[in-house]
Amino acid sequence: MQEHGVTVSESRGRFSYRTADRTKPISSRKLGDDFSKEKVLAALAENAERKKTAKLYSSDPRPDRISHLIDIQAKLAAGKGVGYEHWAKIFNLKQLAKSMALFTRYNLNSEEELNARVAELQEKRDEALKVVKDLEGRIKANQELSRHVLAYVQNKKFAQQVKTAKNPETFREQHRAELTAYQAAAAYFKAQKITKLPSLKQLEAEREQLISEKARFYEAYREAKKAWMELSTAQQNLASMLRQDERHQVQEGGLHDTDIAH
3 MQEHGVTVSE
13 SRGRFSYRTA
23 DRTKPISSRK
33 LGDDFSKEKV
43 LAALAENAER
53 KKTAKLYSSD
63 PRPDRISHLI
73 DIQAKLAAGK
83 GVGYEHWAKI
93 FNLKQLAKSM
103 ALFTRYNLNS
113 EEELNARVAE
123 LQEKRDEALK
133 VVKDLEGRIK
143 ANQELSRHVL
153 AYVQNKKFAQ
163 QVKTAKNPET
173 FREQHRAELT
183 AYQAAAAYFK
193 AQKITKLPSL
203 KQLEAEREQL
213 ISEKARFYEA
223 YREAKKAWME
233 LSTAQQNLAS
243 MLRQDERHQV
253 QEGGLHDTDI
263 AH
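The working numbering puts the last residue of the sequence shown at 264; the count rises by one with no breaks.
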């Protein structure tokens with residue numbers, strides 16, 4: 003109230019009001035019940051809740067995406083108010099409109115067609131992810147092989163020199179790390195049954211090719227996942243709408259078949 007030139011003070015549990023042109027405050031008892039402490043605090047609390055609700059629910063939080071329908075009755079039972087209910091009804095209508103527009107885009111005319119399309123997108127997503135995982139494994143194997151080839155090439159001379167060293171034990175102690183890396187590489191090649199070592203240049207070219215393929219399949223996976231999530235959400239929204247329609251029809255005394263409407 004101060005921004006409007008009114009100063010509020012409290013004395014003995016009552017509010018008093020003083021405007022800028024007065025020197026003495028006016029008691030709330032003289033102004034009526036609407037200016038009592040209880041009424042004013044209640045009005046302020048209501049205004050604060052209204053502003054909070056307007057801020058939280060003034061728009062669709064994800065305008066470019068389809069969201070799941072809100073179970074309004076469950077939210078009301080949990081304590082949400084009238085402001086939330088009004089916003090949620092509008093929100094649900096928007097999501098249903100988006101869902102129906104998506105069905106039109108995919109040219110889907112029945113639940114069976116919708117379910118088949120969702121399953122198809124899910125399979126496409128899973129297949130792309132499977133390829134990505136396989137490529138990741140091959141890239142990892144390539145990196146491991148490259149590491150051992152490099153260690154083998156760099157440290158092979160120490161394995162040869164130890165044979166001609168005047169004091170092999172001293173030489174081994176001085177070059178323990180190099181010889182250990184060489185032996186580990188040789189053991190790896192034996193375990194993998196590798197008899198002819200590829201060049202590091204060859205391994206690098208192969209790795210770049212694998213990384214390129216992974217990027218391509220990951221993009222396919224990402225697009226398939228996005229399409230699947232979008233249509234799956236619309237599918238669940240349709241199911242929620244049909245369940246609600248069935249409840250209403252039961253209450254009205256009859257059930258009717260329902261197809262996807264455009």
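A virtual CB, placed ideally from N, CA and C, is assigned to each residue, including glycine.
In its chain, beyond the 5 residues on either side, N157 and F160 have a beta carbon closer than 6 Å to the beta carbon of E180. Annotation: H150 to Q185 spans about 10 Å, alpha carbon to alpha carbon. Remark: fewer than three beta-carbon pairs, one from each stretch, lie closer than 8 Å, so the stretch 138 to 153 and the stretch 222 to 241 are not flagged as touching. The Cβ-Cβ distance between R218 and Q145 does not fall below 8 Å.
In this structure, the beta-carbon distance from L233 to Y108 falls below 8 Å. Judged by DSSP secondary structure, N109 falls outside any alpha helix (DSSP H); it is assigned neither H nor E. Setting aside the 5 residues that flank it on each side, H177 is surrounded in the same chain by F160, each with a C-beta closer than 6 Å to its C-beta; the list follows chain order. The C-beta distance from A90 to I74 rounds to 5 Å, short enough to meet the 8 Å contact threshold. In the DSSP annotation of this structure, the continuous segment of the alpha helix (DSSP H) that includes Q176 starts and ends at P170 to Q176. Between the C-alpha atoms of R127 and E206 there is a straight-line separation of about 29 Å.
When E221, I213 and H88 are compared, the shortest CA-CA separation from K77 is found for H88.
Residue state for R16 is assigned as strand, using DSSP reduced to three classes.
Spatial neighbours of A153 in its own chain (CB-CB distance under 8 Å, excluding positions within 5 residues in sequence) are listed in chain order as A183, Y184, A186 and A187.
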